[in-house]
Structure formats: structure tokens, C-alpha cells
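A.B. asks: In full-length UniProt numbering, the protein residues as written are 1 to 272.
1. With DSSP collapsed to three states, give me the class of residue 270.
2. Could you tell me if residue 67 is buried or exposed, where buried requires 16 or more neighbouring beta carbons within 10 angstroms of its beta carbon?
3. Going by C-alpha distance, which of 75, 59, 121, 31 is nearest residue 22?
4. Considering only DSSP beta bridges, list what residue 112 is partnered with.
5. Quick one: any contact between the stretch 67–77 and the stretch 118–125, if contact means 3 or more CB pairs under 8 Å?
6. So residue 53 and residue 80 are supposed to be a Cβ contact under 8 Å. How far apart are they, rounded?
7. Between the C-alpha atoms of residue 269 and residue 219, what's the straight-line distance to the nearest angstrom?
8. Kindly identify the DSSP beta-bridge partner or partners of residue 273.
9. From residue 177 to residue 8, what distance separates their C-alpha atoms?
10. Which of helix, strand or coil does DSSP assign to residue 48?
11. What is the DSSP secondary structure of residue 78, reduced to helix, strand or coil?
12. With a cut-off of 8 Å on the beta carbons, I'd call residue 160 and residue 143 a contact; round off their distance for me.
13. From residue 235 to residue 77, what distance separates their C-alpha atoms?
14. Taking just the CA atoms, how far does residue 18 sit from residue 157?
15. Can you look up residue 206 in the DSSP assignment and give me helix, strand or coil?
16. Give the DSSP-derived three-state secondary structure of residue 64 in the structure shown.
17. Should residue 12 be labelled buried (16 or more other beta-carbon atoms within 10 Å of its own) or exposed?
18. Got a sec: is the Cβ-Cβ distance from residue 65 to anything in chain D below 7 Å?
19. Is the beta carbon of residue 112 sitting closer than 7 Å to the one on residue 152?
20. How should residue 139 be labelled, buried or exposed, when 16 other C-beta atoms within 10 angstroms of its C-beta is the threshold for buried?
21. Per DSSP, residue 171 is paired with what?
22. Roughly how many angstroms separate the alpha carbons of residue 16 and residue 162, rounded to a whole number?
23. Could you say which of 164, 244, 225 lies nearest to residue 179 if we only look at CA atoms?
24. Grouping DSSP H, G and I as helix and E and B as strand, with all else coil, what is residue 215?
25. Can you give me the C-alpha to C-alpha distance between residue 166 and residue 147, rounded to a whole angstrom?
26. Do you know whose CA, among 50, 155, 116, 149, lies nearest residue 107's CA?
27. To which residues of the same chain is residue 206 closer than 7 Å at the C-beta, ignoring the five residues directly before and after it?
28. If you measure between the beta carbons of residue 129 and residue 116, is that distance less than 7 Å?
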């Protein structure tokens, strides 16, 4: 274990094996750092924060701070982060709120670039990339292997589907379907994220089936989307990926403006 003499580490903090804490970093009372995690200089880790193994936290990041939520009243909530994440300079990740499940959850093998922000009660799955300046509102879910490019802004309660690609400077106010590329003002679904799927090991057959579903759902002259989804649901030969896409779109229809998770929101809640 290497702790710089200028670092401030609360005696009740729990530190794993081979943890490193750099100059002028602050580690709070209720913080747990897993084995091999590296905290570089000028980092603040506060609140009820559990960080797993082999994470690298770069300078000026702030993890576990109070949520920027008008209804927050100091309740005991948490931030939970998994293993092998890279958190670059100036990233902020807030802990949860009582009305949002009481925790913000970060999975494994994620890469958060400089000055990105993850608000209260967000759920980030595995292998997610947030480029510089990405801003996530409260209660956002980003599913595995999604890629959000620079300066993307996500409204509260939106869900970004697995393997989706969100182009830079895009403002997202609705759910983003899995496997798709979305960008523009207003944001529009452009095409299947073929390159991303190839990089993740999807077969040509899998990609072809997703592309065919894309054409049927998003490029058809049929105005009744429910009918299109029902047709795919009844087809026993559709791939697991297409089934997931259909299920995702069904869930999106349950929420305001297509934001499925907003249906979980307490009617008196106020989020900023």
C-alpha cells in the first residue's frame, strides 16, 4: 500500500491490498477501496462509496458526493463501483437518492473520459464508454457496451440500449434503442451500429438479422408500429438480439416521451 504523506485518509476507511493514494487526495470515513485500486493526486472520494478492484481514478475526480437533487435531504445513500474502471480527469459521480433506489451503480471495465458527469441513481453496466464532457441526468441507465461521444447530454430517466452509439453533441430526451447509431438535432436513429457490433464479435448473421429488423421497424412505410412489433414477436425464428430490441421498444412505450424508467418516478419527486 502506498499513501502519499499529503493525502488525507480517514482512519475508518477500508483499503484493500496494494492500494495507491496520491498527493492531496481525500478519502472519506465510509469509503471502501478494493485491491489494486489507484487514486491519483487531488482526488476526492466521499460518502458511502464502495470501489472495487483495479480501478484507476485520475486527478480532480470527485466520487460519491451529494446528489444535485432538490429533494435530497441528507439521507444515507451510496455509490457502488465495480472493477477495472478508468475514471479520467475531472469526472464527477454522485451518490443516489432515497427516491431513486438509494444508490448509483457502476459496473466493470468502463471508461469515463475527462469532465464527464454521472448524476444520482444512474446505472452504468459494463464496457461503457463516456467521452469527454458527457452529461448524464439522474436515473439514467446505460446498458453494456454503449458508446457516448463528446458533449452528449442525456435527460433524466432515459435508457441507452446495449451496443448503441450516440454521436457527439447529441441531446437525448428519449430512450436509445440497442444496436443503433443515433445523432443529430433533433436526435434521429441513423442506422445499425455495424462497426461496433463487429468489434464486439457479432457474427454476420446476427448483424444481418438486426439490420433486417431495423428496416422493418424504422424504415417501413407502415405507420402502426405496434403491428410491426407484434409481427416480430410472433416470429419464432427471430434471433435473441431482435427479441431484445422488440422488448426494449415495448418498455420504452411505457414511459413519458418513451423514457421507460420515468414510470418508476415518485409523482412528487423533483430532479435537476
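Glycine included, C-beta positions come from ideal geometry on N, C-alpha and C.
C.D. replies: The relevant details are as follows:
1. Reliability fails at residue 270, whose pLDDT of 43 lies under 50, so the model's placement of it is uncertain and no value is given.
2. Its Cβ being crowded by 16 or more others within 10 Å, residue 67 is buried.
3. Of all alpha-carbon atoms in 75, 59, 121, 31, the one lying nearest the alpha-carbon of residue 22 is that of 59.
4. Beta-bridge pairing links residue 112 to 87, 130.
5. Under the Cβ criterion (8 Å, minimum of three pairs), the stretch 67–77 counts as touching the stretch 118–125.
6. Rounded, the Cβ-Cβ distance is 13 Å, inconsistent with contact.
7. Annotation note: pLDDT 45 at residue 269 (below 50); position unreliable, coordinate value reported separately. Each residue's Cα considered, the two are about 37 Å apart.
8. As displayed, the chain neither begins before 1 nor continues past 272, which places residue 273 out of reach and without an answer.
9. Straight-line Cα distance between these residues: approximately 44 Å.
10. Correct three-state label for residue 48: strand.
11. It is a strand residue.
12. Residue 160 to residue 143, Cβ: 6 Å. Contact.
13. A straight line joining the alpha-carbon of residue 235 with that of residue 77 spans about 44 Å.
14. The straight-line gap separating the alpha-carbon atoms of residue 157 and residue 18 is approximately 37 Å.
15. Of the three classes helix, strand and coil, the one that applies to residue 206 here is helix, per DSSP.
16. Strand, per DSSP.
17. So residue 12 ends up on the exposed side.
18. Looking for chain D here will not work: only one protein chain is present.
19. For residue 112 and residue 152, no; Cβs fall outside 7 Å.
20. So residue 139 counts as buried.
21. In DSSP, residue 171 forms a bridge with 153.
22. One C-alpha to the other measures close to 32 Å.
23. Nearest to residue 179 by C-alpha distance, out of 164, 244, 225, is 164.
24. Three-state DSSP puts residue 215 in a helix.
25. Counting only the Cα atoms, residue 147 lies some 6 Å from residue 166.
26. Checked all of 50, 155, 116, 149; the closest Cα to residue 107 is 50.
27. Answer for residue 206: 239, 241, listed in chain order.
28. Not closer than 7 Å, so no.
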